[in-house]
Each structure stands twice: as structure tokens, then as C-alpha cells.
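Enquirer:
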Amino acid sequence: MTQASIRPAAAACLAGERIGDCEARKENGLDRIERVREKMDRVIRGLAGENEKRDACIHLYGVSQFCAMIAMKRGVNVELAVIAGMMHDIYTYSAGETKDHAHKGAEMARQVLISMGSFEDGEVEQICSAVYHHSSKKKKHGELDEVLKDADVFQHCIYHPGALAADKERERWEALKREFGIR
Ligand SMILES: [Fe+2]
-16 MTQASIRPAA AACLAGERIG DCEARKENGL DRIERVREKM DRVIRGLAGE
34 NEKRDACIHL YGVSQFCAMI AMKRGVNVEL AVIAGMMHDI YTYSAGETKD
84 HAHKGAEMAR QVLISMGSFE DGEVEQICSA VYHHSSKKKK HGELDEVLKD
134 ADVFQHCIYH PGALAADKER ERWEALKREF GIR
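Here the sequence shown stands for residues -16 to 166, numbered as in this note's numbering.
See the structure below:
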């Protein structure tokens, strides 16, 4: 993956630059979720327009919070789910393109998580697997992968309540409505 097209703020995040230093924040009591949020906030702030920043913020925080809700219900690791939700579109918002963003984003997320130095290898694998598979809405993968895919669909559908779900998300949305008792 080349970083030539990556926006400066995103590139700093990706490189593990420690502006304000993550270790100092850890001492100040910020947990891993807050530290990932801070990194993604910097990616969002690097976007060009106010509308783009707003949309990215709503989508990433929305998906992340739906990840928490779904993970709680299914007994999946909530912390990793929240982090996967925050990072899942990291490539889209860093590079400004959606093509193959899930696969490219998994590699970008891996670099960021490793640079933070506070995740076990297995945790990095789980988060990056979820990011890698999140565009494959019509296939089934692991528990955390499925939480992220469903949270992505939840956010899209709840943001426009009453609107018809996109073709590729309709089956998953119908299953979610049954699971969560939504009519
Ligand atoms: Fe998304």
C-alpha cells in the first residue's frame, strides 16, 4: 500500500506519530477505546469539508456504538467491537477512496494498532479481520466480523429510518430487525 495519496493528518496517525503522546494519555487514564477514538478523530479532522467531517463522525461513532450494543447482546468482546467500529472505514477517510477499502483498511488498522503498542497479537488479528471482511455483507464470518457488518448496516438504516435498505444490506437488516424486535 502506498501512502502517497493519504491525507497528512491520516498519515501522521498511520505512522504512529505520538502527538500529545499516547503513553502520556495512558497515564492520564485514557483507555484503549479513547486512544483509538483520538486517532480516528485526527483522521476525521484531516478531511477537507465540514460536511465530510460531520458524515465521517456520525458514521464512525454510530457504527462503533452499534458494535457495542450488538456485542453486548451476543456476548462478544465489547472493547474490540467498539474499536473495530471506530476503525472500519479508516482507509476511506484517510485516502479518500472506497475501492477495496475494507482490505486496505485492515492493513492500515494493523499498522496503527501495532504502533500503539498496547494490543496483543490476537486482538490485532480479531480487529483487522473484522475490518477486512466488513464489506462482505452477504457472507458469514467470525463473531466479531459479524458484529461489525451488522453495526454498519444498523447505522445506515437507523440514520435514514423508514428508507428502504440498500440491496446488499436488505437481508441482513431484516435479520437484525427480527433479532432486536424491531417492526
Ligand atoms: Fe461503514
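Here a beta-carbon is modelled for each residue, glycine too, at the ideal position from N, C-alpha and C.
1. Considering Leu159, what are the terminal residues of the alpha helix (DSSP H) in which it resides?
2. Taking 7 Å as the limit between beta carbons, can you name the residues of its chain near Cys5, skipping five residues before and five after?
3. In the segment 52 to 132, which residue ranges form an unbroken alpha helix (DSSP H) of at least 4 residues, counting only runs that do not cross its ends?
4. How is His42 classed by DSSP in three states: helix, strand or coil?
5. What did DSSP end up calling Ile(-11) once you bin it into helix, strand or coil?
6. Using DSSP with H/G/I as helix, E/B as strand and the rest coil, what is Arg166?
7. If distances are taken between C-alpha atoms only, which option among Gly32, Pro144, Asp135 comes closest to Val65?
8. Mind checking whether Ser112 and Asp128 have CB atoms under 7 Å apart?
9. State the DSSP-derived secondary structure class of Ala31, mapped to helix, strand or coil.
10. Arg75: which of Ile16, Ala158, Ala(-6), Gly145 sits nearest, CA to CA?
11. Taking all protein chains shown into account, do 16 or more other C-beta atoms lie within 10 angstroms of the C-beta of Gly3, making it buried, or fewer, making it exposed?
12. Is it buried or exposed, Leu147, if we count other Cβ atoms within 10 angstroms and call 16 or more buried?
13. In whole angstroms, give me the CA-to-CA distance for Ile(-11) and Gly29.
14. With Lys121 and Lys151 assumed to form a contact (beta carbons below 8 Å), what rounded beta-carbon distance in angstroms separates them?
15. Could you compute how far the alpha carbon of Met91 sits from the alpha carbon of His71?
16. Straight-line CA distance for Ala54 to Glu33?
Expert: On the basis of the supplied data:
1. Its alpha helix (DSSP H) spans residues 150 to 162.
2. Caution is warranted here: a pLDDT of 47 is assigned to Cys5, below 50, making its placement in the model unreliable, and no coordinate value can be reported.
3. Runs found: 61 to 70, 73 to 78, 84 to 99, 104 to 116.
4. It is helical.
5. Coil, per DSSP.
6. Three-state DSSP puts Arg166 in coil, outside helix and strand.
7. When only C-alpha atoms are compared, the closest one is Asp135.
8. Taking 7 Å as the Cβ cut-off, Ser112 and Asp128 qualify as a contacting pair.
9. Judged by DSSP in its simplified three-state form, Ala31 adopts coil rather than helix or strand.
10. Inspection of the sequence shows that residue 75 is occupied by Thr rather than by Arg. Checked all of Ile16, Ala158, Ala(-6), Gly145; the closest Cα to Thr75 is Ala(-6).
11. Reliability fails at Gly3, whose pLDDT of 48 lies under 50, so the model's placement of it is uncertain and the value that follows must be treated cautiously. Classification of Gly3: exposed, given that the 10 Å Cβ count is below 16.
12. That one is exposed.
13. Put simply, the backbone Cα of Ile(-11) is about 10 Å away from that of Gly29.
14. At roughly 7 Å, the Cβ-Cβ gap stays under 8 Å, so Lys121 and Lys151 are in contact.
15. Between Met91 and His71, the C-alpha separation is close to 10 Å.
16. So the two alpha carbons sit approximately 31 Å from each other.
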